[in-house]
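Worksheet: the structure to be examined is printed underneath.
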Amino acid sequence: MKKQQHLLAELWESYPNAIASQQLVSKNVPFGKYLAETLAIGPFYYYVINISDYTIHDIHDNLLKLHGSQCYPTTVKEIIDYIHPDDKDFVYEAEKATLSKMEEMGLGIIGKLYRTSYCFRMKIASGHYHLFHHQGIHLSQDQEGRITTALNIHTDINHITAVNNKIVLVKALGERNYHQLALSTAHNEAKLPKFSKREMEVLNLLAQGLTSIQIAEKLFISPFTVQVHRKNLLKKTKTSSSGCLIKKSIEFGLL
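Just so you know, our numbering puts 69 at position 32 of the sequence shown, and the rest follows in order with no gaps.
See below:
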């Protein structure tokens, strides 16, 4: 089957040492642990991309409901077709920025996988456009370290914010460092709030819907320490509640 070209195909193919281009024997790659860490901030769906031929599989049923589709898409191009026309240039630039940053951090290294996130508008069942939070998670590599499959998670966050500050987040899986990339001239990366590694862990667990006690148990720290981190997060984002904290964190590209 011939590959169906799409907005990002040429960009992805410009990284032949990091992105697989040859079809491999398909293997079921477990991704449940990543779904367990999905942000509990709105209706979402997911799918897995075969990088070599741009086909998708393991599609969550919510895709049909959220986009009002009658049948499941089979290619990346069909997913991109849901994106607002005015946001497609940004999506291209976001992917370009993430690939560049990952290359700088070590792309194409066996065992080094990444999670990226940013926001864009997508058409929903009503015909209107909502802001969605996109997460891309590398799942598997070939024997030379090239990415072969990736999990994408799309969450409707329009009920939280309709503001897209065009900030991209890049993080290596299993590592605590993170990188914010501001792609809009309206924002300077140096002026964005910076969280400690522990604060980022607390923030992500809060966004998953965990309580302070649950966060303390997961991070092996005391509930009091969690409360201190939560207060610091509120102070740094100039917010007064967890809901506002999550909203601002999305807008600042911290989730």
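The beta carbon of each residue, even a glycine, is placed where N, CA and C say it ideally should be. A quick note: this is a predicted structure, and the numbers were derived from the prediction, not measured.
What does a CB cutoff of less than 8 Å around residue i pick up in its chain, not counting 5 residues either side in sequence?
| i | result |
| --- | --- |
| lysine 133 | Leu48 |
| alanine 162 | Lys102, Leu103, His104, Gly105 |
| isoleucine 146 | Gly182 |
| threonine 112 | Gln41, His43, Tyr91, Thr92, Ile93 |
| serine 239 | This sequence places valine at residue 239; serine is not what is there. Here the set comprises Ile252, Leu256, Val263, His266, Arg267, Leu270. |
| lysine 231 | Lys273 |
| methionine 237 | Arg213, Tyr215, Leu291 |
| alanine 244 | Leu76, Ala77, Ile78, Ile283, Ser286, Leu292 |
What number of angstroms, rounded off, separates the C-alpha of residue i from the C-alpha of residue j?
| i | j | result |
| --- | --- | --- |
| tyrosine 91 | lysine 284 | 32 Å |
| alanine 219 | lysine 275 | 20 Å |
| asparagine 54 | phenylalanine 261 | 47 Å |
| aspartate 126 | phenylalanine 157 | 10 Å |
| proline 67 | glutamate 74 | 14 Å |
| aspartate 123 | glutamate 254 | 44 Å |
| proline 110 | leucine 100 | 9 Å |
| alanine 194 | glutamate 115 | Checking the displayed sequence, the identity of residue 194 turns out to be isoleucine instead of alanine. Distance between the alpha carbons of isoleucine 194 and glutamate 115 is about 21 Å. |
| histidine 121 | serine 259 | 45 Å |
| aspartate 118 | tyrosine 166 | 12 Å |
Given a threshold of 16 other Cβ atoms within 10 Å of its Cβ, counted over all protein chains shown, does residue i qualify as buried or as exposed?
| i | result |
| --- | --- |
| lysine 203 | buried |
| asparagine 214 | exposed |
| leucine 210 | exposed |
Could you name the residues of the same chain whose beta carbon sits closer than 6 Å to that of residue i, not counting the 5 residues immediately before and after it, in chain order?
| i | result |
| --- | --- |
| histidine 97 | Tyr82, Tyr83 |
| glycine 143 | Lys149 |
| valine 200 | Glu288 |
| threonine 153 | Thr135, Gly173, Val207 |
Could you tell me which residues DSSP pairs with residue i in its beta bridges?
| i | result |
| --- | --- |
| aspartate 193 | Phe169 |
| asparagine 87 | Thr92, Thr186 |
| phenylalanine 81 | Thr192 |
| alanine 219 | Ile204 |
Report all residues from its chain with a CB closer than 7 Å to the CB of residue i; omit the five preceding and five following residues, and keep chain order.
| i | result |
| --- | --- |
| arginine 235 | His266 |
| lysine 70 | none |
| leucine 188 | Phe68, Tyr71, Tyr83, Val85, Ile174, Leu176 |
What runs of the alpha helix (DSSP H), each 4 residues or longer, lie entirely inside the region 119-180?
Taking only runs of at least 4 residues, the alpha helix (DSSP H) segments lying wholly in the region 119-180 are 125-142.
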